[in-house]
RNA sequence: GGGCGAUUGGCUCAGUUGGUUAGAGCGUCACAUUCACAUUGUGGAGGUCACAGGUUCGAAUCCUGUAUCGCCCACCA
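In our numbering, the protein residues as written are 24 to 971.
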């Protein structure tokens with residue numbers, strides 16, 4: 024027996040316990056044919072990441088599932104790792120360089136990459152350390168990084184395979200360009216945000232009309248139609264792009280302007296002549312219905328440019344500074360150029376009007392710079408063929424989203440999928456396995472080598488750099504400068520983490536792998552498809568959808584069966600937590616102040632399934648208080664247990680011994696709770712699960728069972744003779760506590776382990792190896808035999824009578840602990856005998872000094888009454904009573920009751936109700952009416968007696 | 001423009017397939033405290049479930065519409 028401190032000290036426990044788990048190697052998973060696999064791959068946090076509440080929530084869910092399934096007998100693997108996060112990490116290191124007054128170009132590519140690796144070595148494991156603080160039971164021996172050499176091998180394999188299938192291509196397109204990061208981005212990486220801008224109406228002169236000098240006539244309809252004899256008006260939000268205009272477009276159906284098609288206008292300021300063209304794309308309703316066309320700087324305009332063979336004029340440098348094509352505006356930043364052009368147009372009276380206009384503008388998801396639609400040559404993945412099986416799998420239920428509604432979001436995106444721009448003009452990342460032969464590029468024409476399917480002569484796609492060109496045999500070969508989108512490696516995570524592929528021919532580059540290959544392949548076959556993916560909604564497109572596509576393409580199977588999408592963590596005002604808003608609640612600070620278990624339990628219990636959670640620091644008190652409650656209940660138990668007694672089989676005990684009511688009751692309640700808990704967990708209803716446990720531990724085990732058990736325990740303590748009752752009480756107290764700890768363990772791993780070890784270490788000497796940790800204990804099974812509805816209803820009667828007594832005391836301001844005289848008057852003999860069974864508990868917990876139970880109405884002394892079920896609870900009082908007040912109180916209650924009974928009566932007189940409602944509902948209603956009437960009669964009897 | 005989510009006591013939220021008197025935590029008020037726990041115990045007050053229609057014997061729950069807030073998607077310059 025051991026004395027525990029009266030407060031749970033999380034700091035003292037957590038690090039010690041985590042180290043213990045690791046030293047016992049309890050997180051490791053391996054192929055085990057005797058067990059079913061359960062596997063989760065972690066959404067790899069950015070290697071630059073530091074733990075925020077989103078991570079805390081996300082990883083707590085995963086850890087709960089992993090620990091739960093492990094206890095349920097699955098071989099449970101949580102694959103950990105980090106993502107190299109191309110742009111984000113490059114930005115971090117560039118910022119570090121900037122402090123030394125350096126740019127990455129000053130170092131050169133190789134030296135810069137050395138710096139990034141250095142940075143990674145130094146800081147890259149921060150997030151992993153923090154996940155450990157959270158209690159994460161990942162198999163750390165397997166920790167992966169998306170830039171590991173083996174992982175790169177997977178990436179290359181995939182690139183080459185897709186290329187060979189014709190699903191990767193290079194093309195000139197308008198892509199999302201970040202002028203600050205100076206790289207292309209995918210459509211998903213362009214975050215659209217509403218921006219308050221202007222719509223500028225600008226006059227373009229008609230060349231023919233100027234020549235004819237018919238300026239002066241301008242009739243009313245022309246003014247309304249934004250045209251004049253000598254100019255037209257176009258509307259634009261981006262006037263700076265006009266220097267790149269190569270046409271003006273209108274809808275061919277637009278009666279207002281039909282006559283203008285084919286005419287020539289002059290772009291103001293740079294005085295370029297351009298044609299007026301007709302294109303279906305133009306919306307007649309918007310602006311003036313006349314649109315300036317800038318094919319090199321807008322994706323719609325680009326399409327039109329191709330259709331009408333317009334000139335593509337690039338007006339910008341990659342950093343969004345205008346180039347020589349911009350004439351006088353050469354050298355100005357795009358936004359400066361906008362101002363300057365507006366000024367110049369105003370001066371020349373070429374602006375008709377300026378209207379405020381809000382529209383969605385793309386921003387770089389890494390640095391928030393406004394994205395520029397930019398024409399450039401990039402690499403793309405053709406997505407439609409990949410999407411097909413991924414759509415089917417969700418439609419036919421091989422993959423399930425929880426909550427369901429996210430499947431719709433997923434399908435909608437997948438069914439309208441666009442090609443994926445995968446090349447990035449940065450240095451940190453997987454370099455494209457694309458090589459160029461200088462010689463062949465020079466000579467041009469179609470490539471002869473069939474196997475590499477290159478469209479253009481001189482392009483070689485291969486996992487390893489070729490020594491010489493397979494086409495011309497030349498040796499002057501260089502690699503493409505670009506790297507791949509980070510997500511092009513992440514989408515392989517569910518199988519690349521198992522060192523896929525295994526049949527690579529390029530063994531020379533990975534000698535270290537040879538011995539491991541068999542084992543790795545077995546691992547993958549065993550754990551893939553993984554069981555569930557846990558993530559936040561914002562990465563469904565980035566990652567979840569793409570993993571599903573890659574899973575089918577390369578493994579021929581879905582990568583996971585369930586996708587659990589949880590909410591976003593927000594601050595009290597509903598804003599996303601972010602550093603820039605300064606509204607962060609740091610999980611590590613919470614751990615420091617409240618403890619990891621408190622953090623985990625609070626987060627889970629307040630986050631409804633799939634709903635966003637609005638967080639404030641105060642909410643962590645819930646978990647802290649609960650941990651402390653559990654701690655003290657355990658402390659009490661340990662102080663009162665003779666642990667040599669408790670090592671018996673519960674089911675045997677239950678069958679052999681005639682257990683007392685409180686024991687039968689709490690066991691029944693425990694298994695009822697367990698059954699509900701299992702159901703909640705199977706449906707990913709984590710907050711329900713947490714609250715079911717909370718309710719049971721606090722309000723049933725602590726509030727009632729421990730209190731009921733105290734008399735037995737206190738008398739059987741400290742080496743004194745252990746009576747039969749006390750022994751059974753001890754056993755049940757121990758069993759329920761121990762099993763409850765197991766149920767709580769996935770949620771609160773540290774405190775449950777600490778208590779459990781104190782319980783089991785002392786009780787089992789010598790301990791079998793399986794008793795090392797609560798982690799490896801089996802999850803309790805529901806014992807249906809032990810669920811005892813009769814015991815539950817008997818106890819319920821006692822609880823309600825006790826509550827009534829406490830109520831009456833509060834009514835007349837008697838302290839709860841003060842002993843009183845109570846008489847219970849039962850309706851009949853049956854009820855009386857039920858009361859007799861629970862009399863001792865009522866005496867005890869109601870703090871009653873003299874309890875009398877009557878089988879029939881009796882003559883009452885002075886006192887106050889309450890009616891519970893079929894019992895009148897009468898509290899005897901000496902001179903404390905104001906009879907009028909008591910009459911008033913009871914009358915009020917009777918009136919309220921009469922009201923509700925009236926509505927019941929009328930319902931039961933309603934023929935439709937009797938005819939249409941299910942029988943059991945009608946029966947229930949009748950029963951409840953009868954009970955209510957009984958109670959009302961009792962109340963009225965008491966009132967009339969008082970009046971005498 | 002399309003889609004999704006939310007609207008329930010002072011605050012934060014539960015409420016599975018419609019079924020007695022709508023729950024919890026926090027806060028608040030009263031009472032208690034040598035008893036495992038003040039990170040506690042006991043009890044009270046506090047809600048016409050955003051609004052308007054409809055379906056139904058019966059609606060917080062299902063349907064239609066409205067309002068407010070939030071999120072995601074979209075090539076109307």
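Every residue gets a Cβ at the ideal spot worked out from N, C-alpha and C, and that includes glycine.
- Assignment of beta-bridge partners to residue 924 by DSSP yields no partner.
- Taking 8 Å as the cut-off, the Cβ atoms of residue 335 and residue 161 do not count as close.
- Counting along the chain, the unbroken beta strand (DSSP E) around residue 385 starts and ends at 374–387.
- When Cβ pairs closer than 8 Å are counted between the two stretches, the segment 611–628 is seen not to touch the segment 577–587, the count staying below three.
- Three or more beta-carbon pairs separated by less than 8 Å link the segment 98–107 to the segment 53–61, which places the two stretches in contact.
- In the DSSP assignment, residue 195 falls within the beta strand (DSSP E) that extends over 191–201.
- Inter-residue distance for residue 409 and residue 512 is about 16 Å (C-alpha atoms, whole angstroms).
- The segment 109–118 makes contact with the segment 449–460: 3 or more CB pairs, one atom from each, lie closer than 8 Å.
- Three or more beta-carbon pairs drawn from the segment 402–419 and the segment 428–444 are found closer than 8 Å, and the two stretches are therefore classed as touching.
- Burial check for residue 541: the Cβ neighbour count within 10 Å stays below 16, so the residue is exposed.
- Separation of residue 63 and residue 665 (C-alpha to C-alpha, rounded to the nearest whole angstrom) is 41 Å.
- Going by DSSP, residue 60 is part of the beta strand (DSSP E) stretching over 60–64.
- Going by beta carbons, residue 804 and residue 509 fall outside the 8 Å limit.
- Contact between the segment 162–178 and the segment 374–388 is absent: fewer than three C-beta pairs spanning the two stretches fall below 8 Å.
- The alpha-carbon of residue 103 is positioned some 7 Å away from that of residue 67.
- Comparing alpha carbon positions, the residue from 833, 882, 879 closest to residue 869 is 833.
- Between the alpha carbons of residue 277 and residue 312 lies a gap of roughly 8 Å.
- Going by beta carbons, residue 297 and residue 288 fall inside the 8 Å limit.
- Residues 874 of the same chain have their beta carbon placed closer than 6 Å to that of residue 866, with the five preceding and five following residues left out of the count.
- Comparing alpha-carbon positions, the option among 827, 893, 845, 837 lying closest to residue 852 turns out to be 893.
- Beyond the five residues adjoining it in sequence on each side, residue 174 comes within less than 6 Å, by CB distance, of 519 in the same chain, given in chain order.
- Cβ-Cβ distances below 6 Å link residue 356 to 344 in the same chain, with the five nearest sequence neighbours on each side left out; the list follows chain order.
- Within the segment 385–449, complete beta strand (DSSP E) segments of at least 3 residues are found at 395–404, 423–425, given in chain order.
- Judged by beta-carbon spacing, residue 704 lies beyond the 8 Å limit of residue 404, meaning their Cβ atoms are not closer than that value.
- In the three-state DSSP reduction, residue 146 falls in the helix class (H, G or I).
- Taking a C-beta distance under 8 Å as the contact criterion, residue 564 and residue 543 do not qualify as a contact pair.
- Burial state of residue 674 is exposed, judged by a 10 Å Cβ sphere holding fewer than 16 other Cβ atoms.
- Taken through DSSP and simplified to helix, strand or coil, residue 698 comes out as helix.
- Counted as a single uninterrupted DSSP element, the stretch harbouring residue 899 is not any alpha helix (DSSP H) but the beta strand (DSSP E) occupying residues 894–899.
- Taking the CA atoms as reference points, residue 815 sits about 49 Å from residue 547.
- When C-alpha distances from residue 609 are compared across 31, 59, 77, 70, the shortest belongs to 77.
- With a threshold of 16 other beta carbon atoms within 10 Å, residue 723 meets it and is buried.
- If you draw a straight line from the Cα of residue 797 to the Cα of residue 630, it is about 26 Å long.
- When only Cα atoms are considered, residue 715 and residue 947 end up about 26 Å apart.
- Rounded to the nearest angstrom, the Cβ distance from residue 316 to residue 271 is 6 Å, consistent with a contact under 8 Å.
- Cβ contact annotation for residue 438 (same chain, cutoff 7 Å, sequence separation greater than five): 414, in chain order.
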